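Asker: All residue numbers for the sequence shown refer to this note's numbering, where the first residue is -15 and numbers rise by one.
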Amino acid sequence: MSTAATGFGTVGGRRSRDPVAPSHAAWPGLFFAALVFALWWHRPAMVDPMWAVATVALHTMITVLLLRGARRVGDPALGLLVVTVQALTALGFVLRMRVGVGDRISLGAYLVAVAVGVGLFHLGRSLAQTDRRREGPARNRWIRRNGRTGNALLILVVVSGVLALRAPIERGAQIGLTLGPLHVQPTEVFRFSLLGWIAFRLKAPPDAPRLFGSYRPPGAGRALIEYALVPAVVATALFVKLSDLGPAVVLFIGIVGLVVHLTGRWRYAAAATASFAVLAAVAMLLGVGVLGDRFALWKDPFYMGEHGSGRALQQPGKALLAYARGGLLGAGPGLGRVDSIGTERQNDFILAVLGEELGLVGTLLTGVLYALLLIQLFRLARRAGEESWLRAWLVGLSVMLAANIVWPALATTRVLPISGITTPLLSAGGTSMLVVLGIVGLAAGCAGPRPAASASASASATSAPVPGSVAPARGAVGAAGRHVTRAGRRSPLTWRAPALAGLLAIVTAGSLLNAQLVTAGAWLGDHDRSRGIARTERATFNRGRILSADGTVLAATVGSGVDATRHGTSTGLPIGDFRPSRKDTDGTGLENTWALQLECGTRPEEGLAGPRGLLGQRCQPADVRTSYNAEIQEAAVRALAEAKQAAPGSRGAVVALDPRTGGVLAIAADDDLATTVTGDASQPGSVFKIVTAAAIDPARLNAYHLAPHSSLPLPDGHSLRNFGGSICPDRDMVGIPALVDALRQSCNTAFAMVGKDIGPEGITRAAAAFGFSTPGPGPADKPGGQPADKPGAGPGGQPADRSGAASACRALGLEPLGKHQCDLDGLSVDVSSVESGTADGERCLPEHLAIGQACVYATPLQMALVAAAVAAGGQLRPPHIVEQVERDATVLWKAPAVAPRPVIPPENAEMIRTGMVEAVNAGTAKGAAVPCAQVAAKTGTPETGPPSANPDTNAWTVAFAPAEEPEVVVAVYLKAPAGGHLTGGANAAPAAATTLRTALVALKRADHC
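See below:
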């Protein structure tokens, strides 16, 4: 049986087991196929089956051919190197598929890089032959080839350096030339060639032809310049050009590694590092580079030192959150939310993609593959002669590659600053793959059958250094090729380098462990508690539709792959936005919050939890059905347009709810006014009297005696008057009839007296039950009667750190979203509030609170919920938009029914309902009446701006119908232009009637209306 068939080879007269035979090509092939299949299983639309099969087949075929070549060479290190490199390239292919890099581009770059690696393999073989030949004409010919190679490297250094210097863009990876499937970066070629030329310059045979004459061994002073100052100057120049520190540091580390290898003197490394630090510091002081931003991001990777509600989460922070979401085992291929990292996820932050989807286990195993790669490179470098400049070149390249591997891992986990360095073989950069496979090919050229131990020892003992070469500073080369001191002890060179490598491996593993397990919970809790930033992904998926309750398609994906587009209807419903592309993954509203359901049909309670394993949940698109009603929405849009036409320059909002379920039926608004608090303009005015009436103790409903007034004096020296100076009530009235009449006429003086009787604590307590945020201690509890909180510092006149905002959201059955908002199924809703002080620092009087002026701020959605509580007999159901998740008529998830919460005593709710009905029949809300049902409504005309004889007024109306068995609630808000005078009865009530008429027909309550 042949040795090829058995997997055994002959080494030094002995049969040796080859640890990696050609049949072992199945290992990286199976690994590649398993990852691709897992990605396709989880995200079918993300994988092009034809190109995936072709890529796996070509990759496996190349692995077989390379392993056959390695077997012919007979070096076991070479076979293991091939398997390691192919496993890493397979992982890189899958990661690039995951982040949206085109399959054709990725495969083309790989094939070009393999071709370059094969070419450099032959170069390495040629250079390695020089030291294996005896003195004579043949060896002289090989030496001349060495000289031509060294001079070619110098030419490459000059050409690539000039191209980099002449490039118009001054930001690292952006400097490049597009050659077919490769985006070639001259700086990468510069670094590769420069290390080779330095090795040739210092270590090539003295008789090798050079462009600048023969080589002379340096003296002490010249050695310090060549080995310390020159590397520092070269690295600083690269830093100045690239405007970034990372590539320069990596090159510098490679040069220092080469110098230490040649001289054995670590003091040269120390001197070079000090010189580079000084020169780089001078360059920074002169304003070169972007290190200010880099260090700011290093110090605060989440917000780069920004403060306030408008701060933006930065990409390094998003990468840390991706690591944190990955945890120990990861979400699974394709199931992470890696697009939230940002546009550089395919380059600088590819390790964060790996960490989220394969977890800490995946990142550490990848680290093991990189460690094997470096170990085999160093082993093969040792195959070259001790005095070979090829060996020195490979050592420098391997050290540089090690730095290139470690830096991104430490930078994305916050140990080092982000510096534009990509992860070799994983990131999308084609030049990086070309350089790495070039290094591998060059190292493979040194491979050969390992001699027997005795033969090796004999050969080493009789070997002598080539005259004129740089001799090790500490002792000579021992029999085993190790540096020893004159006293026979091992040189620090033989233990310091492995110790440093081990320390780096421990630090890197520790940083990954910290990012993915130790601090993961704290980071997610502080910066992504609701997991909102991690919901959007690019639309290469078959994303499901968003539907209204009646089946109207509100949003759908047209096309697939990178050409997919997302189209919605022109209803104006706030479903959010999704802009699919390779780089832009922004999503808002329902499109963002319900992304997992639209893409995968995931149940909301499953969230982002993992792991789902290699063959876990399969992402198949599902539809999200909402409570929105397209007919009612159309009517709301029409009603708002008509109201604005009647009041030129005004803006507004119309909201419709189902009081029986809490479902939002329609939202038509300008500039998100339906859910946004806009300072004084958001004062609800007299519609807030519903809350005041709800605050009355039921036992005192019949105790109020209300006398006719046109105005009332206030403790601050001002007076409170009725709208238009009218007198109300018409006569002395007592008990519930008096309160009903006060609601009918919207009597300010009557409710001011009620508010004074209830007190600010009673009003704020009732408002809190409806979902308003309320202040801390009231003015009476503060020394000097000063308000506890002053509005105005936060959005829309809200205090910067108002107490109770989170409680207000939970009172509505919603989750808090930041300090001033609630999350309504992906719709951001400002928290409405009752304050203890006005914007100018004045204390809030109960008389003002009672009529919704000065210290009350509300959204139309909030006031619709207040009216819905009255319509439901005092019970408030949490609002919602999403009804269910479905696929092909099968319901995958349905919003759970939530029990209503009592917020109004039944007696008060009935009294308020009666007052609202009277307001429509014979009061301020006559304009809200419809012919097909009895309507209950309350109007409001709040004054805005500074006190004056003729202040601006906005318009409000809340209404529901039928009054006896309500099925729809409507809130209308119109904001007047400067100098405008709107009223609830004349401007807002007709819009409510328009919406109600359509809603009653759409809900089958009436045939026509």
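Beta carbons: idealized from backbone N, C-alpha and C, even for Gly.
None of the values given here were measured: they were computed from a predicted structure.
With distances taken Cα to Cα, identify the nearest neighbour of Ile831 among Gly743, Val869, Asp807.
Answerer: The sequence given here places Glu at residue 831; Ile does not occur at that position. It is Gly743 whose Cα lies nearest to the Cα of Glu831.
Asker: Compute the Euclidean distance between the alpha carbons of Ala851 and Phe754, then round it to the nearest angstrom.
Answerer: Using only the alpha carbons, I get a separation of about 10 Å.
Asker: Which value, in whole angstroms, describes the spacing of the CA atoms of Leu62 and Ala10?
Answerer: One C-alpha to the other measures close to 17 Å.
Asker: Do you know whose CA, among Ala977, Gly103, Pro33, lies nearest Leu1004's CA?
Answerer: Any answer about residue 1004 is impossible in this case: the structure gives the chain only from -15 up to 993.
Asker: Taking Cβ to Cβ, would you say Gly929 is nearer than 8 Å to Asp700?
Answerer: Their beta carbons are not under 8 Å apart, which means Gly929 does not touch Asp700 by this criterion.
Asker: From what residue to what residue does the beta strand (DSSP E) around Trp578 run?
Answerer: Taken as a continuous stretch (DSSP letters only), Trp578 belongs to no beta strand (DSSP E), as it is neither H nor E.
Asker: Determine, using beta carbons only, whether Ile359 comes closer than 8 Å to chain B.
Answerer: The question asks about chain B, but that chain is absent: this structure has only one protein chain.
Asker: Please report how far the alpha carbon of Ala691 lies from the alpha carbon of Ala726, in whole angstroms.
Answerer: Each residue's Cα considered, the two are about 11 Å apart.
Asker: How big is the Cα-Cα spacing for Tyr688 and Ala939?
Answerer: Those two C-alpha atoms are separated by around 29 Å.
Asker: Which partner residues of Thr941 appear in the DSSP bridge assignment?
Answerer: Answer is Thr923, Val956.
Asker: Taking just the CA atoms, how far does Ala917 sit from Gln667?
Answerer: Rounded to the nearest angstrom, the two C-alpha atoms are 30 Å apart.
Asker: Round the Cβ separation of Val648 and Leu657 to the nearest angstrom and send it over; I've been treating them as touching at under 8 Å.
Answerer: That pair is no contact at about 15 Å.
Asker: How is Asp664 classed by DSSP in three states: helix, strand or coil?
Answerer: Helix.
Asker: Sort Leu421, Pro889, Ile559, Glu819 by Cα distance to Cys839 and report the nearest one.
Answerer: Out of Leu421, Pro889, Ile559, Glu819, Glu819 has the C-alpha closest to the C-alpha of Cys839.
Asker: With a threshold of 16 other CB atoms inside 10 Å of the CB of Leu980, please say whether the residue is buried or exposed.
Answerer: Classification of Leu980: buried, given that the 10 Å Cβ count is 16 or more.
Asker: Taking just the CA atoms, how far does Lys959 sit from Val661?
Answerer: Going from the Cα of Val661 to the Cα of Lys959 covers about 12 Å.
Asker: What did DSSP end up calling Cys712 once you bin it into helix, strand or coil?
Answerer: Three-state result, Cys712: strand.
Asker: Could you tell me which residues DSSP puts in a beta bridge with Thr610?
Answerer: DSSP lists Val866 as partners of Thr610.
Asker: Between the alpha carbons of Ile559 and Gln581, how many angstroms are there, rounded?
Answerer: Between Ile559 and Gln581, the C-alpha separation is close to 14 Å.
Asker: Determine the DSSP secondary structure at Gln617, reduced to helix, strand or coil.
Answerer: Note: Gln617 maps to helix in three-state DSSP.
Asker: Can you tell me whether Ile490 is buried or exposed? The criterion is at least 16 other CB atoms within 10 Å of its CB, across all chains shown.
Answerer: Exposed is the call here.
Asker: Rank Leu829, Glu626, Val621, Val240 by C-alpha distance to the C-alpha of His702 and give the top, closest one.
Answerer: Cα-wise, what sits closest to His702 is Leu829.
Asker: Could you check where the beta strand (DSSP E) with Ala540 kicks off and where it finishes?
Answerer: Residues 537 to 542.
Asker: DSSP beta-bridge partners for Met717?
Answerer: Leu690, per the DSSP bridge assignment.
Asker: Is it true that the CB of Gly84 sits closer than 8 Å to the CB of Val40?
Answerer: Not closer than 8 Å, so no.
Asker: Alpha carbon to alpha carbon, how far is Ala650 from Gly769? Give it in angstroms, no decimals.
Answerer: Confidence is the limiting factor: at Gly769 the pLDDT is only 34, short of 50, which leaves the residue's position unreliable, though a coordinate-based value still follows. In a straight line, the C-alpha of Gly769 is about 43 Å away from that of Ala650.
Asker: If you count every other CB in all the chains shown that lies within 10 Å of the CB of Ile139, and 16 or more means buried, which is it?
Answerer: Per the 10 Å Cβ criterion, exposed.
Asker: Report the rounded CA-to-CA distance for Trp507 versus Ala365, giving the unit in angstroms.
Answerer: Spanning the two alpha carbons is a distance of roughly 43 Å.
Asker: Between which two residues does the alpha helix (DSSP H) containing Ala22 stretch?
Answerer: Taken as a continuous stretch (DSSP letters only), the alpha helix (DSSP H) holding Ala22 covers 10 to 26.
Asker: How many Å lie between Val66 and Leu385 at the Cα?
Answerer: Roughly 17 Å between the two C-alpha positions.
Asker: Between Leu281, Leu624, Tyr307, Leu64, which has its C-alpha nearest Val322's C-alpha?
Answerer: With distances taken between Cα atoms, Val322 lies closest to Tyr307.
Asker: If I follow the unbroken alpha helix (DSSP H) through Pro60, where does it start and stop?
Answerer: 60 to 83 is the extent of the alpha helix (DSSP H) around Pro60.
Asker: Looking only at C-alpha atoms, which of Leu338, Leu811, Leu698 sits nearest to Arg827?
Answerer: Here the closest residue by C-alpha is Leu698.
Asker: Using only CA atoms, which one of Met847, Leu42, Ala36 lies nearest to Leu79?
Answerer: Looking at the Cα atoms, Ala36 is the closest of the given residues.
Asker: Do three or more CB pairs link the stretch 350 to 368 to the stretch 68 to 82 at distances below 8 Å?
Answerer: Because the criterion of three Cβ pairs below 8 Å is met, the stretch 350 to 368 and the stretch 68 to 82 touch.
Asker: With distances taken from CA atoms, which of Pro886, Val901, Ala975 is nearest Arg635?
Answerer: Out of Pro886, Val901, Ala975, Ala975 has the C-alpha closest to the C-alpha of Arg635.
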